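Residue numbering for the sequence shown follows full-length UniProt numbering, beginning at 1 and increasing consecutively. Here the structure is laid out as structure tokens; the discussion comes afterwards.
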Amino acid sequence: MAPPQDTFQKEEMSVTMADAIPTPSEPRYPVTKRTLSPPARGSPPTEVALKTGQDHKNWRSRSLHRLFSSTEHLNPDAQLEEDARVRDSIQVLRMNDRGGYTVPAEGLYPFQWNWDSAIVSAGWAVFDEERAWAELETLFSDQWADGMVASINFIKFSDTYFPGPEIWGTPEKPSKTSGISQPPVAAMSARFLFEHAENQDLAKAKVEELFPKMLAWHRWWYKARDPEKKGVVAILHPWESGMDNSPAWDEAMKFPIDPELPPYVRRDLTHVNASMRPTKDTYDHYLTLLYKFKKAHFYDPDQLYWISPLRVTDLCVNSILFRANRDLRWLALQLGKEEETTEIEQWLDAGFEGFNMLWDEEAGLYKCQDQITGKLADAGISAAFLPLFAGVASKEQAAKLVENLERWLSKVKYAVPSLNPEDPRFDQLQYWRGPVWLIINWMISNGLRHYGYEELADRIKQDSIELTNKAGLREYFDPLTGDGCGGRQFSWTAAMCLAWLDRPAAIGIGHKLSGPKKQLE
1 MAPPQDTFQK EEMSVTMADA IPTPSEPRYP VTKRTLSPPA RGSPPTEVAL
51 KTGQDHKNWR SRSLHRLFSS TEHLNPDAQL EEDARVRDSI QVLRMNDRGG
101 YTVPAEGLYP FQWNWDSAIV SAGWAVFDEE RAWAELETLF SDQWADGMVA
151 SINFIKFSDT YFPGPEIWGT PEKPSKTSGI SQPPVAAMSA RFLFEHAENQ
201 DLAKAKVEEL FPKMLAWHRW WYKARDPEKK GVVAILHPWE SGMDNSPAWD
251 EAMKFPIDPE LPPYVRRDLT HVNASMRPTK DTYDHYLTLL YKFKKAHFYD
301 PDQLYWISPL RVTDLCVNSI LFRANRDLRW LALQLGKEEE TTEIEQWLDA
351 GFEGFNMLWD EEAGLYKCQD QITGKLADAG ISAAFLPLFA GVASKEQAAK
401 LVENLERWLS KVKYAVPSLN PEDPRFDQLQ YWRGPVWLII NWMISNGLRH
451 YGYEELADRI KQDSIELTNK AGLREYFDPL TGDGCGGRQF SWTAAMCLAW
501 LDRPAAIGIG HKLSGPKKQL E
């Protein structure tokens with residue numbers, strides 16, 4: 001049997017996405033239907049293989065080895081270094097575990113963050129499958145009635161973060177939440193957990209349980225954030241993008257600050273140097289939006305889209321949503337859900353067209369768009385390369401993206417800076433205005449492999465590994481020096497290390513690591 005593809009490199013991409021946008025005579029998606037079972041990754045598209053017992057365990061070990069590592073030729077010192085980083089990564093997840101959910105970092109981010117948790121679940125899956133599923137279950141435990149999954153679940157009290165639940169003022173459910181969402185990573189994670197499940201019975205049950213919740217969330221995105229049916233959704237708050245402080249909405253954020261904005265005390269600056277965080281003016285704009293939304297009948301989505309002074313088509317959210325739609329469709333096929341499959345395919349069809357509006361031919365980049373003015377952002381950001389991860393770029397567009405990426409990387413030591421290094425706003429330390437983020441690196445690397453740019457994908461992977469070896473499991477990294485920035489002992493950085501450094505031995509390491517908490521950089 002041939003080894004499986006890289007994580008999240010899905011069969012429908014390899015089968016139908018040679019040039020991303022097919023000719024009218026070509027189907028966008030394969031029409032094969034499957035029973036609910038892990039696929040035979042090297043088999044023909046119509047073949048289904050059931051993996052049980054030792055055969056499945058061997059397949060899973062080979063799968064993890066192929067997906068996550070290239071350690072056959074490591075010298076002993078390098079192998080020991082990677083083993084240490086695997087151990088540290090597992091320890092960080094255990095340290096940040098709060099019983100069913102993982103905080104991004106102690107103190108700085110003391111609650112459950114949406115896309116952090118979904119990404120972290122893949123890290124847990126390397127050594128604790130049940131705990132990985134629990135991460136997704138907890139994420140959806142506070143899903144709103146309209147389908148939204150909030151950016152933050154305020155599950156346990158903490159006064160180390162602002163704005164907390166008392167500022168958001170959302171209706172109380174099992175626990176309070178924020179009033180906006182975040183990039184919908186969960187379907188990608190659910191597919192990953194399912195495809196690499198050792199406990200197939202558990203995986204089947206969890207997929208059955210989670211599928212309608214994930215589908216409802218995706219429906220919410222299109223109903224609440226794309227009522228004009230553009231095929232791409234809007235974010236109404238920078239926090240909704242995950243890339244809070246990006247220059248991509250500098251112009252869109254020039255709306256007036258609420259003159260009645262209540263005084264507030266930021267908590268983030270007690271944990272992180274102010275030079276690495278958004279400015280006070282930026283925070284004033286964040287809170288102006290929050291209070292405006294709060295007044296709109298408790299975040300009524302039918303109102304927010306039209307009253308928000310910020311409405312941006314964000315590349316990060318839309319690339320992840322498109323990729324997640326692919327994976328949700330794949331899960332629907334496993335479950336035999338024909339109507340839902342058709343609905344998701346309609347979203348994908350519309351998404352192909354919607355992404356065309358975001359392509360800047362002159363720059364050779366995708367760009368975010370201010371929906372209110374119709375203008376493309378002037379900033380080239382790392383999310384410009386995420387349409388490769390989504391699989392919506394043509395071969396010609398991919399070549400232009402790679403040309404830009406190579407130019408960027410010639411200006412820095414470590415890939416991939418979150419802003420074009422030639423942009424005068426580039427700041428190697430400030431949140432989303434220059435630093436490297438491993439989760440974005442992982443997505444870009446994955447997309448590059450899909451389009452055949454193996455050497456560039458390998459450079460991004462090696463840079464990412466080197467950053468964690470040099471600076472530890474930090475929130476983000478200086479692309480010029482490799483120094484760590486932001487939070488320490490950061491959960492999704494640990495998860496990405498497991499994704500890139502894992503060997504089957506890590507499964508055993510995970511079960512052995514217990515006892516007193518270990519302090520790590």
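Heads up, the beta-carbon is just placed ideally off N, CA and C, and yes, glycines get one too. As the structure is a computational prediction, the values presented were derived from the model and not from experiment.
Is the beta carbon of residue j closer than 8 Å to that of residue i?
{"i": "G147", "j": "W239", "result": "no"}
{"i": "P435", "j": "D478", "result": "yes"}
{"i": "F389", "j": "I444", "result": "yes"}
{"i": "L419", "j": "G123", "result": "no"}
{"i": "L473", "j": "S89", "result": "yes"}
{"i": "A384", "j": "L401", "result": "yes"}
{"i": "W306", "j": "N325", "result": "no"}
{"i": "L310", "j": "L261", "result": "no"}
{"i": "V317", "j": "G486", "result": "no"}
{"i": "L365", "j": "I344", "result": "no"}
{"i": "F194", "j": "I152", "result": "no"}
{"i": "Y264", "j": "F127", "result": "no"}
{"i": "G231", "j": "A125", "result": "no"}
{"i": "K254", "j": "Q143", "result": "no"}
Whole angstroms is fine: what's the gap from residue i's alpha carbon to residue j's?
{"i": "A495", "j": "D116", "result": "10 Å"}
{"i": "R267", "j": "R488", "result": "16 Å"}
{"i": "H56", "j": "N199", "result": "With a pLDDT of only 36 at H56, under the threshold of 50, the placement of this residue in the model should not be trusted; the figure read from the coordinates follows. Using only the alpha carbons, I get a separation of about 9 Å."}
{"i": "F322", "j": "Y109", "result": "27 Å"}
{"i": "F192", "j": "A234", "result": "27 Å"}
{"i": "T341", "j": "W437", "result": "33 Å"}
{"i": "A84", "j": "D97", "result": "20 Å"}
{"i": "A150", "j": "P417", "result": "28 Å"}
{"i": "A205", "j": "F211", "result": "10 Å"}
{"i": "L409", "j": "E403", "result": "10 Å"}
{"i": "Q277", "j": "W432", "result": "Residue identity check: residue 277 is Arg in the sequence provided, not Gln. Going from the Cα of R277 to the Cα of W432 covers about 9 Å."}
{"i": "L467", "j": "E82", "result": "12 Å"}
{"i": "N469", "j": "K294", "result": "43 Å"}
{"i": "E475", "j": "D483", "result": "11 Å"}
{"i": "W500", "j": "R219", "result": "32 Å"}
{"i": "D244", "j": "R225", "result": "18 Å"}
{"i": "L304", "j": "P256", "result": "17 Å"}
{"i": "L80", "j": "V86", "result": "10 Å"}
{"i": "E396", "j": "Y453", "result": "13 Å"}
{"i": "T23", "j": "D281", "result": "Residue placement at T23 is poorly supported in this model, since its pLDDT is 27, which falls under 50; the coordinates still yield a value, given next. Roughly 48 Å between the two C-alpha positions."}
{"i": "A145", "j": "E422", "result": "45 Å"}
{"i": "S308", "j": "A296", "result": "10 Å"}
{"i": "W168", "j": "Y451", "result": "42 Å"}
{"i": "L315", "j": "S394", "result": "16 Å"}
{"i": "P387", "j": "H196", "result": "25 Å"}
With residue i and residue j assumed to form a contact (beta carbons below 8 Å), what rounded beta-carbon distance in angstroms separates them?
{"i": "V412", "j": "D370", "result": "Their Cβ separation, rounded to whole angstroms, is 28 Å, which puts V412 and D370 out of contact at 8 Å."}
{"i": "G242", "j": "P183", "result": "5 Å"}
{"i": "R190", "j": "V207", "result": "The residue asked about is misnamed: residue 190 is Ala in this sequence, not Arg. Rounded, the Cβ-Cβ distance is 6 Å, consistent with contact."}
{"i": "I381", "j": "I119", "result": "So it is not a contact: roughly 19 Å between Cβ atoms."}
{"i": "P104", "j": "W492", "result": "7 Å"}
{"i": "S141", "j": "P174", "result": "6 Å"}
{"i": "N441", "j": "S464", "result": "5 Å"}
{"i": "G100", "j": "T138", "result": "4 Å"}
{"i": "L480", "j": "L405", "result": "Actually they do not touch by this definition, with Cβ atoms about 17 Å apart."}
{"i": "F298", "j": "T170", "result": "6 Å"}
Could you give the residue range of the beta strand (DSSP E) that holds residue i?
{"i": "N153", "result": "152–154"}
Starting from residue i and walking both ways along the alpha helix (DSSP H), at which residues does that stretch end?
{"i": "W217", "result": "200–225"}
{"i": "Q428", "result": "That residue, Q428, is in no alpha helix (DSSP H); it is neither H nor E in DSSP."}
{"i": "W305", "result": "Per the sequence shown, residue 305 should be read as Tyr rather than Trp. Per DSSP, Y305 belongs to the alpha helix (DSSP H) from 301–307."}
{"i": "E338", "result": "338–356"}
{"i": "P165", "result": "165–168"}
{"i": "S196", "result": "Inspection of the sequence shows that residue 196 is occupied by His rather than by Ser. Taken as a continuous stretch (DSSP letters only), H196 belongs to no alpha helix (DSSP H), as it is neither H nor E."}
{"i": "T102", "result": "Taken as a continuous stretch (DSSP letters only), T102 belongs to no alpha helix (DSSP H), as it is neither H nor E."}
{"i": "E475", "result": "It is not in any alpha helix (DSSP H) - E475 carries neither H nor E in the DSSP assignment."}
{"i": "N114", "result": "114–125"}
{"i": "G242", "result": "It is not in any alpha helix (DSSP H) - G242 carries neither H nor E in the DSSP assignment."}
{"i": "A399", "result": "395–409"}
{"i": "F389", "result": "386–390"}
{"i": "G107", "result": "Premise fails: G107 is in no alpha helix (DSSP H) and is neither H nor E."}
{"i": "W330", "result": "315–335"}
{"i": "I372", "result": "Careful: I372 lies outside any alpha helix (DSSP H) and carries neither H nor E."}
{"i": "N441", "result": "438–450"}
Three or more C-beta pairs below 8 Å linking the segment 246–256 and the segment 373–383
Three or more beta-carbon pairs separated by less than 8 Å link the segment 246–256 to the segment 373–383, which places the two stretches in contact.
Do the segment 122–131 and the segment 81–94 touch if we need at least three Cβ pairs shorter than 8 Å?
yes
Between the segment 357–364 and the segment 417–431, do three or more beta carbon pairs fall short of 8 Å?
no
Pair every Cβ in the segment 170–186 with every Cβ in the segment 284–296, then say whether three or more of these pairs are closer than 8 Å.
yes
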